[in-house]
Every structure is written in C-alpha cells, then in structure tokens.
Amino acid sequence: MALTQPIGLPESEPPADEGRVTPAMAQYFEIKAANPDCLLFYRMGDFYEMFFEDAEVASRALGIVLTKRGKYLGKDVPLCGVPVVRADEYLHRLIALGHRVAVCEQLEDPAEARKRGSKSVVRRDVVRLVTAGTLTEDSLLDARRNNYLLAVARARLSSAGEEARFALAWIDISTGEFRVAECEQASLSAEIARLDPGEIIVSDALFSEADLAGYWRSLPVVMPVTRDVFDGATAERRLTSFFAVATSEAFGTLTRLELTAAAACVTYVERTQIGKRPPLSPPLRESAGASMAIDQATRGNLELMRTLTGERRGSLLDAIDRTVTAAGSRLLAQRLAAPLTEPAQIARRLDAVATFTGDSAARAETRSRLAAAPDLARALSRLAVDRGGPRDLAAIRDGVLAAADLARALASLKDMPAEITEAMQACRKPDGMLAAELSAALAADLPAFRRDGGFVREGYDVSLDETRALRDESRRVVAALQARYAEDTGIRILRIKHNNVLGYFVEVTAQHGEKLMAAPFNGIFIHRQTLAGQIRFTTTELGELESKIASAAERALGLELEVFERLVAGVMAESPNIKDCAEALAGLDVASALAHLAAERDYARPLVDDSHAFVIEGGRHPVVEQALSRDGTPFVANDCDLSPPPPPYPPPQAGEEMENAGRIWLITGPNMAGKSTFLRQNALIAILAQMGSFVPARHAHIGVVDRLFSRVGAADDLARGRSTFMVEMVETAAILNQAGERALVILDEIGRGTSTFDGLSIAWATVEHLHGVNQCRALFATHFHELTALSARLDRLHNATVRVKEWQGEVVFLHEVTAGAADRSYGIQVAKLAGLPASVIERAKVVLAKLEQEDRAAPKGFEDLPLFAVPKPPHDARQPAEDLLAAAIAAINPDDLSPREAMEALYRLKEQAAKEPKA
Ligand code: ADP
Ligand code: MG
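Numbering-wise (my numbering), the sequence shown opens with residue 10 and increments by one.
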C-alpha cells in the first residue's frame, strides 16, 4: 500500500549519489545525531519516514515494507514510513517494544521554503521524544492504569560498609501526579515493584554500578541518562525554575537526595516534551514506612494487579474494581499497590466507604453522576502540552459540571466523614464561570482535532460568525453562478465542482465543451483540463469567488484557533483547582465503588489498629469466591487467629517476654483441600483492610502489618516458569532475614522442591526460626505431616488442617479449616479423582500398605527430630561458647595463613576461650 511509496530524502533534488551530502541529507544527519538513542520519525508530507538503521529496526518491529531511496557512500539508503494519520498506532507498538521515538516535524509550509530558492530545505526539528514514561495520548495509554516515569538517585557513601540510600521520584505526566520518597537498598526493588513504572531513568554511573547492573538489566524499562540530569548541585535550581518558584522551600522538607531525583524527573520531562510543561503538582513526599512493604515476588504470588500469567482478569484488582471512571480505577490500583500502615488514615478511608454502604441511594446517585464525568486529569494534561483538542475542552466542561452537581447531591448526606467533606469542597473549587464559558463556546458536535475547525458554537463570537457567513454566502453565490452559466450557455447539465488540485471549476460533457471553446463563450470560459468524458473550465469570476471563499474559510479557522487558545488559557488558569477536583472525583469513585462491592458481596468493615492481633472470622478468598459463585458453588468461610496468645501467669521475666510474638498456623491436609486458598485469603484480607476496603469476612481485627511476604514452594510455582529450588531458597532466606514482629508471612509448601528429607529438614528449621527469631504472624502450609509434632514444643505453633471426608473410598473436600493435623495425605484418592487408571491406583494401595508396615517396624525416627536445636530470639545473645569457638576455628583456613597470621589466630582463639567459660 501507500507505505512503500517512496517519498525520499531530499524533496526537491535528485537522489544523492556517492557520498555527496545534499543540504536535505545534512539536515537529516544533524537531527539524527542529536537524537542517537531514538528512532527518528522524520516528517515528509503525509508520512513519517525512517532512514538507514532506523528503517531496518522499525520495519522489522512493525512488519512494514522496507524500501530504498537514493545512495549514500555507494550504498542504497534503506527507507520505510508510516502515514501521519495512523502514527499513534505505530508509536504504540514501538513503545511497547521498548523503543523511543523522536518525532521530527516540518516547521514551515514547503511553499515557504521554496520562496527562499528552489534548493532550500523545509525547516524541521524534533518537537517531542516519545518514551514509555512520558505519554499523554489516550490512544497510547491504558485509561485504568497510572503510567509512571521514575527517577532513581543514590547517595554517595560517606564510609565503607554504610547502607546505600536511594531517593525515588515519580511522575505521571498524563495526570500531573508527582511524588518522592527515600528508601534503603533492601527495599528498593519492593518500592519499584509497587510503582510498576513505565520507564525508569538512572544516571549512567548508577546504571553500570556493579552491584546493581544485574538488577537494572532485569527490568525492561531502565534508561541510563547523562550525569547532568542527576546533578545534585543544580537540582534545586532546575526544580524551582520548572515550577517558577523562588526556593525549594515551596516543596516542604525534601532532602538533597530527593531534590536530585525530583529534578531528574522534571529535566527528563522537559527534554522529552521539548520545552512544553505538563501541569505537574509540586513533588509530594511519601514518608518511608507509610505503606505496607510488599516485594515483587509476593505481589506476583498473590496476583494483586495481574495473574501469574500476566492478565488483569483473575487478579485481586479485577475482582474488587467496581469503579465507574478511569481515574477512579487508577486510584484504586494505587491504593491496592500501597496499603497504608497508619490506623487513623485507614479509618478515614473506611469511614468514607461506610457512608456509602450505609446509604444505598446516595451510593447509586454518586455512581451515576460519576459515570458521566470524563477523565479530567488526562484532558488537562494534554491541553497543557499542546496536544489537546476540542473534545478535551468538552471533557473539562463536563467533568467540572458533574463535580459541582455531585457536590450538591452529596450535601444531603446524613453523616459526612472528613474524606467526603473534603472531596465535596474540592469538587466545588473550579470557577463556575469557566464551565459556563466552555458551554457557551463549544459546538454540540466536536471534531477530533482543532485544525478540523467547526467546534466553536454559532453565536459565540461575532467576527467568527461574520466570516463564516461570508464563506457560506460565497458558496451560495457559486450555486447562483452555476445557474446563471447554465442559463447563458443553454447547457443545462453544466456544473461547478471543486477538487483539491483545480479548486473550483466548470464541468461539462465533451460534446458541450466544443461550444464553450468557441465564440462567444471562449471569451469567458478558459480551458483547464480535458478528461475522457468531460472538459473543465474556469472563469475570472469563479477564480475571484474562489479566493474569497478560501480566505474566508482560512480566516474562520484562524478565528476558531484564537478562541481555542483563549479557552485553553482559561482552563490553565484554573488548572490547580481542576486537578484537585479530578482527585476528589477519583476518591469518591473509589469510596462508592468499594461500598458497592461490600454491599454486593457482603463484606464487613475491618478493625485495624496498633495491636498485633490477627483475627479473621468467616474469611473468604475474594477472587476464588467470585469465580466459584459464577458456577453457583458456595465458598466455605474459615476462621484464622494469629494473635499473640495472652501473657502467661506469672508474667515472664523482663528481656524474655514475647508479648507481641504472633502465632504460626501450620496447615496440613491433602492436595486440593484448600490450603493455598486459605493462606492467600488471609493475606488478601490484610491488604484489603489496610488499603481502606471492607473485607470478605464476617469480622476482621488486624494489628497493622508493616511487611507482607508470600512464597510458594518451587514445585507449586510452575506458572512462574523458573521452578528451581534455588529461587525458593533465596526467597525464603529473604523472609527469614527480614521479617520483623509486625510482618505477616505466608509460606506455601516450602521445601517441596527437593528430596523429601532435605525438604522436611528445611521446612522444620524454617518453622523454628519463624517461631523463635522472627516471631511474626505466619501461616505455613505443608504436606510434611511430620512437622505437626513441633507444636508440642513451640508454644505459639498451632496445628490446623483442612477437613476431608472419606465416603465409599472417595475423598470429599469440605474446605473446612479446623484445629488438628491431617491424619494422612489421601494422595491415592486424589490420584483416583484425577483419573489415573484403576490398575495403577490398586497397585499404589498395595505398595503404600507395605511401606506403612515397614515404617512401623523400623521407625525413621521423626520423633527424635525435636532434639534439634531450637533457635533463640535475637535478644538472647548467650550462645554456647563451644559454638563460637567452633565457628571461629571453622573460619580459619590454615593453607591461606602466613606463619605470623597463624600465630595471631592462635592467640585470638585462646583469648576467646578464656572470655567465655564453658556454660
Ligand atoms: P491445596 O493448596 O490444599 O492443594 P487449593 O487451595 O489449591 O488446595 O484449593 C483447591 C481448590 O479447592 C481451589 O481451586 C478451589 O476451587 C477449591 N477451594 C479451596 N478452598 C475453598 C473454600 N474455602 N471453599 C470452596 N472451595 C474451595
Ligand atoms: Mg496448594
């Protein structure tokens, strides 16, 4: 198709030969050299063309035809192009594949260039870099997701061994949101996982830092940038100049490192938007620990935003999203990604949800009004970067009006919690005059682009109306002229037509043409074109009329564009208020949507406080429950209690108390009983409660969880495609090293990825460590029944099992979690359910019976296992001296020591042995 139509490098000169660099080529090379890491979309008429390597890359990526045009240094110049009208579609695909695109436009009409001489080149320059993190177009964005650009800065270490500190700054330029936070290296990947940015920028130096290089490369979206972007010395100045404020005090108390990251963001935005400024909010600081830390593996595992296979459908977000606006959906996703840790803030959100659960009429009204509100934030942002159209203005008008209506409707609410009161105030913020002006100015039907014209309502602007009348009047004059020519010439089928090449012309059939080319008519009609059946003419009168029409139309469009500019300026003047209003609408959408969900699915308001409690009564899995209900299957609700047990009497000695130490539930039961479901539902309930949602339970009391960990044993983790035992152990290690008293840990079948005895031993030691050292609330599902013996010795370990019933040799899953241990694994019954041949099942039963007999005859000694050392809590630092000495000796490698070092080591050991007398 037209894609292959060669438009060619130089537009007014012959194809260049053998290394001769024509002015057009020189222009191309100069622009390309300034944007080496981007594909260059080079505007030529109705196409964006790509040349050389860009053409090869893009034609491969987009599956479009690669052609050639001219020669350079003796070689063909590869070329491909995409039509301007479909550019968004191609941009979308290139960005999704990780490319960046520099869009280079013609800055003048080719006619202008020709005036400077036939050899002169049309002025061109890059007007924008399109990168994954800096998109504004609806066609390039997912309406329901934020798209963040994230800058990561690292502090210089002042001493060796110090933990590196990082600052993160992130922007969604399509909504103006701007945040900063500091974090430790240990939580860097969890923070990045939470934000799930579309693009990450780091300095060249940080990008190639040895200990992080592997991590950066594992992320698909990292872009190293030059050092000046992250220059700490100029950060404050760049930031204050972007926001046009005098000092960075306007941004509160940002640290130097945070300023550096924030400045990197705005500098990158300025460079990609080539000077246009999206309406960013001033950077707002998020304090460390304000949200529940959830690492990448846990997020994936719990399928919070998407399933293990990468889809939104089937995720928790999908199950709970009842929002009616795109902005509401984005806010819901943000809240789900970052559950709060401050009970008062959580209660504030829950209050708003409760208002709407308690008043279904207000809820319905709110939701129907919200549904009529367009995406204010994104429309505003497009207008600010000069990519907006008339429909964006209409979106502002409709959004602002809907907000004002909503605020009026909500005023009648009986009890009004703080969150709703504030939202209502914000809804009223935008100046009513603006909406009135937009209503008066905009026509009923709006074109997609302002250059299409026709978007200003009749009666709004007097001079525009006059010009339009002139244009339309002239069109009537053309019609009258046609009638007159037909009359004068006696040719009844004479027509006046219009096309882009000839403009207006008189058209008659060939046989009538003769008549016009002869006297007396040849004095009036001037021949233009002869076609197969028709002959075309023009006249002086028609020519004059034409230029009148054209200039009137041009003037009308010019006037419309002036109106557009004026309206945009009006919108920009209100932009902070419109942004607050947009946020308020999103907040009301989330609150009413969560209320809707709670009413629909019978969720309860959780109690979240500073205790260490974890009591769920009648808990359900929010996603599985909905999936089952689609088939009409009921979900079996289950209780869970991980709260610290009441203190013993008499109270324990100071220093040994473990009053906040949570319980561990060890859950056994056959395959398919519902262990994994039970584990996850409790984690999901904690997340929902802390994000400010009602929860799928009859009752829930949760002491704030500051970190959540969830791991699945390798054998169960097939979907992740890297079911190696190593991964499982690395992840378990992370938990055992990091989980504190407030953590919630979910371990599902840990130790499964290796041989039985290895696996059992690791699971065993892991439970002991969680109980003795981490002391956190935990759920541990296992098929190792032997572990249940541990409860005799670990006082906060509780055995639970998922009940099954055996009925006529078949196993029936009851999905009921009760105290106790599974008596056996029912593996053979499950195998039978799965359809294994009867002969195999029978044979397996015989083998099992034999094995069980032998087991009894020669016990494997699991009963002896509790003699393994139980780890002590960390504050109990007394370790047997032999252990320390043994460790010190083990650390010595005699072959590596010089005689002198060997002597020194010997003295050290003697000293140590003397200090720690044998216990
Ligand atoms: P396990 O981890 O014990 O092998 P799962 O948790 O994977 O078992 O559950 C297996 C299936 O049982 C789930 O896919 C679900 O359909 C069903 N199930 C689990 N828990 C319940 C429940 N509480 N009520 C109803 N069905 C359940
Ligand atoms: Mg399971």
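Glycine included, each C-beta is placed from N, C-alpha and C at the ideal position. All values derive from a computational prediction rather than experimental measurement.
So, for residue i: in the same chain, excluding its five sequence neighbours on each side, which residues have a beta-carbon less than 8 Å away from its beta-carbon?
| i | result |
| --- | --- |
| THR243 | ASP237, ALA272 |
| TYR51 | TYR37, ILE40, TYR57, GLU58, MET59, PHE60, CYS113, ARG133 |
| ASP205 | TYR157, MET314, ALA346 |
| ASP715 | GLY298, MET301, ALA302, THR350, GLY749, ARG751, ALA752 |
| SER638 | PHE644 |
| VAL136 | VAL112, CYS113, GLU114, ILE283 |
| SER217 | PRO233 |
| ASP97 | GLU146, SER148, LEU149 |
Starting from the C-beta of residue i, find all residues in its chain whose C-beta is less than 6 Å away, skip the five residues before and the five after it, and write them out in chain order.
| i | result |
| --- | --- |
| PRO287 | ILE182, SER390, ALA393, VAL394 |
| ARG731 | Because the pLDDT at ARG731 is just 48, under 50, the model does not fix this residue reliably, and the point stays unresolved. |
| ILE303 | LEU717 |
| ALA347 | ARG203, SER300 |
| LEU566 | GLY462 |
| ARG400 | LEU455 |
| TYR916 | none |
| LEU570 | none |
| ALA595 | ALA336, GLY337, LEU340 |
| ASP725 | Model confidence at ASP725 stands at a pLDDT of 48, short of 50, so the residue's coordinates are unreliable; what they give is reported in the following sentence. So the list reads GLU758, once near-sequence residues are dropped. |
| GLY678 | LYS684, THR810, VAL811, ALA831 |
| GLY627 | ALA646, ALA706, ARG707 |
Taking residue i and residue j to be in contact with their CB atoms under 8 Å, please state how far apart those CB atoms are, rounded to whole angstroms.
| i | j | result |
| --- | --- | --- |
| GLU267 | GLU191 | 6 Å |
| ALA709 | PHE365 | So it is not a contact: roughly 19 Å between Cβ atoms. |
| ARG629 | PRO705 | 4 Å |
| LEU379 | LEU597 | 7 Å |
| ALA914 | LEU906 | 7 Å |
| LEU568 | SER472 | 6 Å |
| ASP440 | VAL572 | Contact flag wrong, Cβ pair sits at about 18 Å. |
Which residue marks the beginning of the alpha helix (DSSP H) containing residue i, and which one marks its end?
| i | result |
| --- | --- |
| LYS588 | 584-610 |
| MET735 | 734-747 |
| VAL632 | 631-639 |
| ASP327 | 325-329 |
| ASN310 | 305-311 |
| TYR494 | 471-498 |
| LEU392 | 385-393 |
| GLY408 | 399-419 |
How about residue i and residue j: do their beta carbons lie closer than 9 Å?
| i | j | result |
| --- | --- | --- |
| ARG294 | THR316 | no |
| ARG812 | GLY671 | no |
| VAL254 | ILE209 | no |
| ALA111 | LEU138 | yes |
| PRO655 | ILE329 | no |
| GLU516 | LEU503 | yes |
| LEU451 | LEU419 | no |
| VAL333 | GLY701 | no |
| ILE505 | HIS521 | no |
| LEU103 | LEU71 | yes |
| ASN680 | LYS438 | no |
| LEU688 | HIS807 | no |
At which residues does the beta strand (DSSP E) containing residue i begin and terminate?
| i | result |
| --- | --- |
| PHE789 | 786-790 |
| GLU516 | 512-518 |
| ARG504 | 504-508 |
| CYS649 | 647-650 |
| SER719 | 716-721 |
| PHE365 | Premise fails: PHE365 lies in the alpha helix (DSSP H), 352-367, not in any beta strand (DSSP E). |
| PHE60 | 56-60 |
Beta-carbon within less than 7 Å of residue i's beta-carbon, same chain only, minus the 5 sequence neighbours each way: which residues are those?
| i | result |
| --- | --- |
| PHE546 | PHE514, VAL515, LEU525, PHE534, ILE535, HIS536, ARG537 |
| LEU49 | ILE40, LYS41, MET59, ASP63, ALA111, CYS113 |
| LEU769 | GLY760, PHE793, GLU795 |
| PRO668 | Sequence inspection shows Glu at residue 668; the Pro mentioned does not correspond to that position. If we look at GLU668 and ignore the five residues flanking it on each side, its Cβ neighbours are PRO653, PRO656. |
| ILE16 | Any answer about ILE16 is weak, because its pLDDT of 38 lies below 50 and its placement is not dependable; what the coordinates show is given next. Result list for ILE16: MET53, GLY54, PHE56, GLU58, GLY90, in chain order. |
| GLY542 | THR518, ALA519 |
In chain order, which continuous runs of the alpha helix (DSSP H) of length 4 or greater are located wholly inside the region 180-250? 194-204, 213-216, 219-227
**Asked** Could you give the uninterrupted runs of the beta strand (DSSP E) lying entirely in the region 525-559, keeping only those of 3 residues or more?
**Response** 535-539, 543-547
Uninterrupted alpha helix (DSSP H) stretches inside the region 64-121 (no shorter than 4 residues) = 96-105
### Query
Enumerated in chain order, which unbroken segments of the beta strand (DSSP E) with a length of 3 residues or greater are wholly contained in the region 792-824?
806-816
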